[in-house]
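S.K.:
Protein chains: 2
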Amino acid sequence: MSLDARQIEELFHTQIPITRAMAVRVAVCDEQQLVITAPLAPNHNHLGTAFGGSLNAIATLAGYGLVWLELRDPACHVVIRESSISFLAPVRSEIRAICRRPDEATLTAFHHDFARKGKARLRLEVTIEEAGAVAVKFTGTFVALR
Amino acid sequence: MSLDARQIEELFHTQIPITRAMAVRVAVCDEQQLVITAPLAPNHNHLGTAFGGSLNAIATLAGYGLVWLELRDPACHVVIRESSISFLAPVRSEIRAICRRPDEATLTAFHHDFARKGKARLRLEVTIEEAGAVAVKFTGTFVALR
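Put into structure tokens, the structure is as follows:
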């Protein structure tokens, strides 16, 4: 587990306590992506598949974590402004939310806005994938504020 | 607490275990609305306000519960197909999600579809309100399947 992954996981577990009940873990944290996982057991619904509210929360954490890593500024707050989610197929085993890093032009614009105005928005896509197929598509707009 | 409220709360706590960790309660369940509440303590984020993932989950439960009450059919499954959410203001105390019953024409169409095809969709709006103001707007499309 990388230092970044450990830091993000500790941030979640200490600052957002419901992530402990959800048993959220950081599985991958590198230059390309942030991958957040959680087991089905604490997150199942009445049908024995993953609860939509847990899927949304875990996708939100993947996006939030990616913005946090991008800034690495303890004086900065990250909040979510809006999101939308489509549930394409039930998730029947481990929940695995993948937030891929946006392209360089998008990130450059984000950092530029943040440096100039102390505030910047980043629109991120997160997918929850199972057995190589996309089960959930999430798009969220995150705002960083100094 | 009405019998309906007790049933919905028990359904959540037994079938969707993360609702126990979130300390979700059914506050109001009548002909006009379903109101789901949860305390801030287990649902706070890194800023000490309500975590967006918890807000989304509790709004989802309000919509899901309303569809379940509308059908009262143990042979029927209710799932969420898609949703969108806007975070207008931070929630600083108890989370209170209100799903108001749609108008009669909408409900009649829903029941008609369900009786004819064994499948029907219902688009529901949920607001999370604090001190008389709307802090969160959620819209979800729920599907009932026999």
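Chains as they are written, first to last, in my numbering: chain Z, 15 to 160; chain H, 15 to 160.
The C-beta atom is built at its ideal place from N, Cα and C for all residues, glycine as well.
1. Comparing the C-beta of ARG160(H) with each C-beta of chain Z, is any distance below 8 Å?
2. Which one or two residues does DSSP pair with VAL93(Z) in a beta bridge?
3. Compare the C-beta of HIS125(H) with all C-beta atoms of chain Z and state if any pair is closer than 8 Å.
4. By the DSSP assignment, the beta strand (DSSP E) with GLN29(H) in it spans what residues?
5. Of all the options LYS133(Z), VAL157(Z), ILE142(Z), which has the alpha carbon lying nearest to the alpha carbon of PHE65(Z)?
6. Just how far apart, CA to CA, sit LEU138(Z) and PHE156(Z)?
7. Can you have a look at ARG86(H) and say buried or exposed, based on whether 16 or more other CB atoms are within 10 angstroms of its CB?
8. Leaving out five residues before and five after ILE99(Z) in sequence, what residues of the same chain have Cβ atoms less than 6 Å from its Cβ?
9. To the nearest angstrom, report how far apart ARG160(Z) and GLN21(Z) are at their CA atoms.
10. Tell me where the alpha helix (DSSP H) around ALA81(H) begins and ends.
11. Taking a Cβ distance cut-off of 8 Å, strictly less, list which residues of the segment 23–47 of chain H are near chain Z, in chain order.
12. Can you look up LEU102(Z) in the DSSP assignment and give me helix, strand or coil?
M.R.: Considering the structure as presented:
1. no
2. VAL157(Z)
3. no
4. Where GLN29(H) is concerned, there is no enclosing beta strand (DSSP E), although the alpha helix (DSSP H) it sits in stretches over 17–29.
5. ILE142(Z)
6. 8 Å
7. exposed
8. ASN70, PHE152
9. 20 Å
10. At residue 81(H) the sequence reads Val, which differs from the Ala that was named. Residues 66–85.
11. LEU25, GLN29, ILE30, PRO31, ILE32, ALA35, MET36
12. coil
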